[in-house]
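In my numbering, the protein residues as written are 76 to 194.
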C-alpha cells in the first residue's frame, strides 16, 4: 500500500517509524502529466516489494514537506533509510532516460548495494 502524507510532521513520523526499512517517496502534483504517467509504475513497485515503505506526497497539499526536502520539480523520487536521504531521482520529459526506467534503476541500485536488505 502506498501511504499518503500531508504534512511535515507526518513525514517525519513515517521516517522515524520505518526504522531499518527503505522508504521511497514520490513527490507529485495532480496537474503534473509526467506524475500521472509514472504513478501506475510506482504503485506496481509497492505491490512487488512488501518490505519497502512507499509514500506519496502532493506538493500542493504539503508544501512544507516539499520545501523541507528541497523538491524543485515533479515528479521527484527520494529514497530514505534510517531517517537519512540516500538518493534522489527526477523524471522529466526534457531529460532523456528519466522515465520509469530511471526510477527502476535507482531502486535496483539501492537493492544491489544491500540497502534494501540491510546488508
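By construction, the Cβ of each residue, glycine as well, lies at the ideal position given by its N, Cα and C atoms.
Rounded to the nearest whole angstrom, the C-alpha separation of residue 79 and residue 142 is 17 Å. Of the candidates 161, 101, 127, 101 places its Cα closest to the Cα of residue 115. With a beta-carbon spacing of about 7 Å, residue 163 and residue 152 fall inside the 8 Å limit used to define contacts.
In its chain, beyond the 5 residues on either side, 139, 140, 143 have a beta carbon closer than 6 Å to the beta carbon of residue 83. Residue 109 and residue 165 have their C-alpha atoms spaced approximately 10 Å apart.
Collapsing the DSSP output to three states places residue 131 in a strand. Contact between residue 146 and residue 96 does not hold, since the beta-carbon distance rounds to 22 Å and is not under 8 Å. For residue 140, there is no enclosing beta strand (DSSP E); the residue is part of the alpha helix (DSSP H) that begins and ends at 138-143. By the CB criterion at 8 Å, residue 81 and residue 136 fall inside the cutoff. DSSP, read as helix, strand or coil, puts residue 104 in coil. Within the model, the alpha-carbon separation for residue 118 versus residue 94 is close to 22 Å. Here residue 77 has 101, 117, 118, 121, 129, 130, 131 as same chain residues with Cβ atoms under 8 Å from its own Cβ, once five neighbours each way along the sequence are excluded.
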